[in-house]
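S.K.: Residue numbers (full-length UniProt numbering): 1 to 236.
In structure tokens, the structure reads:
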């Protein structure tokens, strides 16, 4: 199982939100490229980045910071937030990003996502509020069930699915293992748990479920609740 430390970018700074609310942002670093290097030095091979400003703007906003992170580490980076067209995908991959995460557009234009998934490394972000897909920086909740969207991407060639339970995000209340497993089983795609990881016990629970491919760790690390080096060892 992969452990993906997370850096959420807002106005060039590394922050964490609570339940995706922008006004809840707490700043943890104004030098996110140094934070990424710290993760690499701890043993990380992956990095999960979200351009929060981009998610709301509908286009990349923190691209220069992301480029700096990519150039100063050897991490496999996945990036999401505001990616709506093929040019943006190409721009990020040209910076050395390993794969892009397509969220809102995965619901609104699945034909496009399936098309680009055949050409590039693409992960689909499925963010759910009470089981229903949320889009546009989680500002809108659709009438589509998360598991139905997951089924849509079975055999579509996507590299992974990032499954986020919004009610858990930034709450340090424990990851939703069942939700993540449901997305994995519905899609048959490597599924990464996001939202709510609060400690090593969550890594152990996720690791025990063979259908789950990874976990994103954010606030638990920033608040000193989890030893990442230990998490990496458990995940092996």
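Ideal placement from N, C-alpha and C gives every residue a C-beta, glycine not left out.
Do residue 183 and residue 146 have their beta-carbon atoms positioned less than 9 Å apart in this structure?
M.R.: Yes, they are a contact pair.
S.K.: When the Cα atoms are used, what is the spatial distance from residue 190 to residue 160?
M.R.: Near 5 Å, if we compare the C-alpha coordinates of residue 160 and residue 190.
S.K.: Between the stretch 193-208 and the stretch 149-156, do at least 3 Cβ pairs fall closer than 8 Å?
M.R.: Result no; under three Cβ-Cβ pairs closer than 8 Å.
S.K.: Which residues in the same chain as residue 107 place their Cβ atom closer than 7 Å to its Cβ, once the five residues preceding and following it in sequence are excluded?
M.R.: If we look at residue 107 and ignore the five residues flanking it on each side, its Cβ neighbours are 133, 135, 142, 144 and 149.
S.K.: For residue 129, which residues from the same chain have a beta carbon less than 6 Å from its beta carbon, with the 5 sequence-adjacent residues on both sides left out?
M.R.: Same-chain partners within the cutoff: 141 and 166.
S.K.: Out of 4, 116 and 110, point me to the one whose CA is closest to residue 89's CA.
M.R.: Comparing Cα-Cα distances from residue 89 to each of 4, 116 and 110, the minimum goes to 116.
S.K.: According to the Cβ coordinates, are residue 215 and residue 35 closer than 9 Å?
M.R.: Not a contact, by the Cβ cut-off of 9 Å.
S.K.: How would you call residue 99, buried or exposed, if buried means at least 16 neighbouring beta carbons within 10 angstroms?
M.R.: By the neighbour-count rule (16 or more Cβ atoms within 10 Å), residue 99 is buried.
S.K.: Identify the continuous alpha helix (DSSP H) that holds residue 234 and give its terminal residues.
M.R.: Per DSSP, residue 234 belongs to the alpha helix (DSSP H) from 228-235.
S.K.: For residue 33, which residues does DSSP report across the bridge?
M.R.: Note: residue 33 sits in no beta bridge, so no partner.
S.K.: Which residue wins for smallest C-alpha separation from residue 158, given the options 66, 110 and 230?
M.R.: It is 110 whose Cα lies nearest to the Cα of residue 158.
S.K.: Would you give the residue range spanned by the beta strand (DSSP E) that residue 129 belongs to?
M.R.: Unbroken beta strand (DSSP E) run through residue 129: 122-129.
S.K.: Thinking residue 199 and residue 181 are a contact (beta carbons under 8 Å), I'd like their distance in whole angstroms, please.
M.R.: With a Cβ gap of about 19 Å, residue 199 and residue 181 do not count as contacting.
S.K.: Should residue 53 go down as buried or exposed, given a rule of 16 or more other Cβ atoms within 10 Å for buried?
M.R.: That one is buried.
S.K.: For residue 29 and residue 13, what's the separation of their Cα atoms in angstroms?
M.R.: Taking the straight line from one Cα to the other gives about 6 Å.
S.K.: First and last residue of the beta strand (DSSP E) that includes residue 177?
M.R.: First-last for residue 177: 177-187, but that is the alpha helix (DSSP H), not the beta strand (DSSP E).
S.K.: Where do the N-terminal and C-terminal ends of the alpha helix (DSSP H) with residue 95 fall, by residue?
M.R.: Premise fails: residue 95 is in no alpha helix (DSSP H) and is neither H nor E.
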